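See below for the structure under consideration.
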Amino acid sequence: MNGCYERVTQVDSGNLEQKPAKNGMVYLVGAGPGDPGLITVKGLQKLREADVVVYDYLADAGIVREAREDAELIYVGKKGKNHSAEQPDINALLVTKANEGKTVVRLKGGDPYLFGRGGEEAQELQVAGIAFEVVPGVTSGIAAPAYAGIPVTHRDHASMVTFITGHQDPSKEESAIDWDVLARSRGTLVFLMGVKNLGNISESLISHGKPPGTPAALVRWGTTSRQESLVSTVASIPDDAHARGFKPPSVLVVGHVVSLHRELGWFERKPLFGKRVLVTRAREQSRKMADRILELGGEPVLFPTIRILPPVDLAPLDASIARIGSYDWVVFTSVNGVDRFFERFLQVRDDIREMAGPRIGAIGPVTADRIRARGIKVERVAKEFTAEGVLELLSGDDVRGKRFLIPRAEKAREILPQGIAELGGEADVVPVYRTGLPDDAEVARIRGMLERGEIDVITFTSSSTVSHFVEMVGLDAARRLQEGVLVASIGPVTSETIRHNGLPLGVEAESYTVDGLLEALVAHMQRQKVSA
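When you read off a place in the sequence shown, starting at 1, and then add 363, the result is the number in this note's numbering.
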């Protein structure tokens with residue numbers, strides 16, 4: 364969340380010229396507390412429709428990537444005293460972009476109207492005559508304690524909750540905070556952005572009558588894989604937080620509900636909690652895997668080492684589609700192959716019913732399911748999700764004289780077509796896509812994270828993801844950067860490429876699918892916890 368996106372621009376307050384309004388629109392959207400799944404449905408919809416996205420430090424990177432490919436991303440992050448843009452500049456920016464006739468989403472961590480200065484931005488828009496809407500978000504004041512097992516209200520412990528800004532210095536003579544009322548409250552007190560003022564908050568509560576032994580807790584980076592929880596008391600929490608090195612962003616909870624943390628804590632028990640997992644799949648394929656990592660408590664870091672591109676020459680593919688009825692079998696070896704083949708098929712033939720004729724085979728159930736989703740029957744699915752597995756399926760058939768079409772990547776292993784030829788069949792291999800590398804900025808971002816020790820697991824889902832990773836960072840650097848990092852492979856073919864490059868293999872899936880890979884990763888983590 365440091366503004367490291369390809370399309371990001373920084374605010375230049377000198378270029379915010381006012382122009383006549385062209386029916387622009389601004390949405391003040393709460394991004395939620397950190398878990399990208401906690402943005403509202405409406406908030407996500409508006410983000411995906413926006414021409415311009417103005418986002419801050421606490422807007423999760425995974426959420427920002429939901430913006431349109433052509434959307435302008437403008438980082439105005441605020442982190443402590445380090446402001447990328449001052450509030451007046453942000454206000455002017457929103458007005459300027461709306462006056463250009465654009466749909467603008469102001470994406471703010473948590474909720475725009477709860478200590479988010481959304482009200483000030485809305486007032487500026489109103490004065491400028493700019494149409495706006497507010498899309499509320501899940502506040503960290505509720506979500507962070509919930510993820511730490513602390514309900515802010517509970518029938519047996521607290522019937523009310525008070526939210527207080529922690530930024531204000533409680534020692535000021537004209538403090539807007541009524542410490543006497545807070546100290547006497549039997550409800551839950553939630554301080555947002557109060558880590559730097561912990562000493563003053565603790566002293567003020569106690570001096571106004573709050574029992575020193577009242578339970579208190581800090582939750583840092585709540586709802587994310589970096590979440591940390593510290594349970595203490597009002598009197599001790601400043602020293603405990605200092606000893607643990609607690610820093611912003613953290614939420615302070617004061618009240619008897621804190622005692623439920625040990626009983627109700629659920630998030631920090633997830634099997635991949637605290638782990639940053641590098642996903643090297645192509646961006647088009649990474650969503651399901653990323654979502655599953657989030658469900659398991661980890662933080663997916665997307666690094667598409669592969670870009671799926673059309674083949675340089677479509678003529679061989681078009682010719683095979685034109686004579687599709689001449690083939691006895693069409694064998695698909697990947698989901699990418701399925702998607703690209705049928706995308707082109709419908710451009711050439713315009714009717715999926717013209718696929719009738721050849722029998723269909725697939726490597727693995729995921730590829731088979733993608734074919735079935737198009738209403739096409741899959742007759743053979745390899746149990747071993749490799750080319751060797753397909754050959755094993757065909758070994759019981761008489762394939763002599765049979766014609767096979769294999770739509771696949773431009774560069775792939777030759778085992779399947781060679782095996783078919785050895786069985787007496789004839790295989791036409793046609794490229795339906797090729798793979799490319801991501802841009803240098805993305806490589807530099809991931810390399811930096813590896814050098815700083817910010818990645819715990821690297822997952823490889825194909826030999827090409829391994830090869831491209833090594834090509835991008837260099838072989839020596841790849842070996843050095845992965846010291847102390849767990850390397851996980853989807854199956855034996857990928858594992859062979861990992862070993863060939865001299866990289867350390869820590870986990871190999873028994874079932875050669877993304878789900879199988881994550882199951883193996885979870886099992887490995889659980890064994891580590893038992894042995895620790």
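All C-beta atoms, glycine included, are put in the ideal place defined by N, C-alpha and C.
All figures in this text were calculated on a predicted structure; none of them were measured in a lab.
Proximity to residue i [Cα-Cα], best of the options
i: Arg815; options: Gly847, Pro611, Pro728 and Pro475; result: Gly847
i: Gln590; options: Ala579, Ala580 and Ala511; result: Ala511
i: Thr587; options: Ser570, Gly572, Gln648 and Pro612; result: Pro612
i: Ser583; options: Lys610, Ser570, Thr577 and Gly572; result: According to the sequence as given, residue 583 is Arg; it is not Ser. Here the closest residue by C-alpha is Lys610.
i: Thr668; options: Ala494, Ala461, Ser827 and Asn563; result: Ser827
i: Asp419; options: Gly782, Asp602, Arg703 and Val468; result: Val468
i: Met388; options: Glu449, Thr459 and Thr502; result: Thr459
i: Glu662; options: Pro574, Trp692 and Ile426; result: Ile426
i: Glu647; options: Ile600, Asn699 and Leu615; result: Asn699
i: Glu773; options: His571, Leu545, Arg703 and Val621; result: Arg703
i: Arg776; options: Pro801, Val893, Phe526 and Glu859; result: Glu859
i: Ala645; options: Asp452, Ser697 and Ile513; result: Ser697
i: Gly550; options: Ala579, Ser567 and Val795; result: Ala579
i: Pro794; options: Pro574, Gly562, Ala678 and Leu881; result: Ala678
i: Ala413; options: Val392, Val820, Asp839 and Val893; result: Val392
i: Thr857; options: Thr643, Ala745, Leu470 and Lys559; result: Thr643
i: Arg428; options: Arg650, Gly576 and Val620; result: Arg650
Close Cβ partners of residue i (< 6 Å) along its chain, the five nearest in sequence each way excluded
i: Glu487; result: Asn454
i: Val870; result: Ala851, Ala883, Leu884 and His887
i: Lys765; result: Asp691 and Gly788
i: Thr798; result: Ile669 and Ser827
i: Asn864; result: Val833
i: Val836; result: Arg810
i: Leu568; result: Ala546 and Val597
i: Met364; result: Reliability of the predicted coordinates at Met364 is poor, the pLDDT of 36 falling under 50, and the value obtained from them is presented with this limitation in mind. Within the same chain, Met364 has close Cβ partners Tyr420 and Ala424.
For residue i, three-class secondary structure by DSSP
i: Asp603; result: helix
i: Thr828; result: helix
i: His530; result: coil
i: Thr860; result: helix
i: Val515; result: coil
i: Ile540; result: coil
i: Ala736; result: coil
i: Gly400; result: helix
i: Ile564; result: helix
i: Thr876; result: coil
i: Gly811; result: helix
i: Ile569; result: helix
i: Thr798; result: strand
i: Thr822; result: strand
i: Met523; result: coil
i: Glu897; result: Residue numbering for the chain in the displayed model covers 364 to 895; residue 897 lies beyond these limits and cannot be assessed.
i: Leu391; result: strand
i: Leu838; result: helix
i: Glu773; result: coil
i: Glu789; result: strand
i: Ala413; result: coil
i: Leu488; result: helix
i: Ile505; result: helix
i: Glu846; result: coil
i: Ile778; result: helix
i: Ile783; result: helix
Neighbourhood of residue i by C-beta distance below 7 Å, restricted to the same chain and skipping five residues each side
i: Arg607; result: Leu593
i: His530; result: Met556
i: Ile861; result: Phe823, Val829, Val850, Ser852 and Leu868
i: Ile734; result: Phe695, Val701, Ile723, Ala725 and Val741
i: Thr528; result: Phe478, Leu555 and Met556
i: Gly397; result: Asp423, Trp584, Gly585, Thr586 and Thr587
i: Asp603; result: Leu593 and Ser595
i: Pro575; result: Ile569, Thr596, Val597 and Ala598
i: Ala731; result: Ala725, Val741 and Val744
Beta-carbon proximity list for residue i, same chain, < 8 Å, skipping 5 on both sides
i: Arg763; result: Leu786, Gly787 and Gly788
i: Ile715; result: Phe705, Phe708, Leu709, Arg737, Gly738 and Ile739
i: Ala320; result: An answer regarding residue 320 cannot be provided, because it is not within the stretch 364 to 895 covered by the chain.
i: Val621; result: Ile513, Pro578, Ala579, Ala580 and Val594
Supposed contact pair residue j and residue i - C-beta distance, whole angstroms, cut 8 Å
i: Val956; j: Tyr390; result: The structure shown does not extend to residue 956, since the chain is modelled only from 364 through 895, so no value can be given for it.
i: Leu635; j: Leu659; result: 4 Å
i: Val501; j: Val515; result: Wrong, their Cβ atoms sit about 13 Å apart, outside the cutoff.
i: Val693; j: Leu768; result: 5 Å
i: Val744; j: Arg771; result: Between Arg771 and Val744 the Cβ distance is about 17 Å, and since that is not below 8 Å, they are no contact.
CB contact check: residue i to chain C, cutoff 8 Å
i: Pro728; result: Among the protein chains of the structure shown there is no chain C, as only one such chain exists.
Discussion item. Quick check for students: name the residue ranges of the beta strand (DSSP E) that lie wholly in the stretch 415 to 482, counting only runs of 3 or more.
Written reply: As summarised for the stretch 415 to 482, the continuous beta strand (DSSP E) elements at least 3 residues long and confined to that stretch are 415 to 418, 435 to 438 and 466 to 471, given in chain order.
Practice prompt. Could you tell me which uninterrupted alpha helix (DSSP H) segments, each at least 4 residues in length, are contained entirely in the stretch 642 to 715, listed from first to last along the chain?
Written response: Taking only runs of at least 4 residues, the alpha helix (DSSP H) segments lying wholly in the stretch 642 to 715 are 646 to 658, 678 to 685 and 698 to 711.
Worksheet item: For the stretch 578 to 642, which segments carrying the alpha helix (DSSP H) assignment without a break, of at least 4 residues, lie completely within its bounds, in sequence order?
Response: Here the runs fully enclosed are 600 to 607 and 624 to 627.
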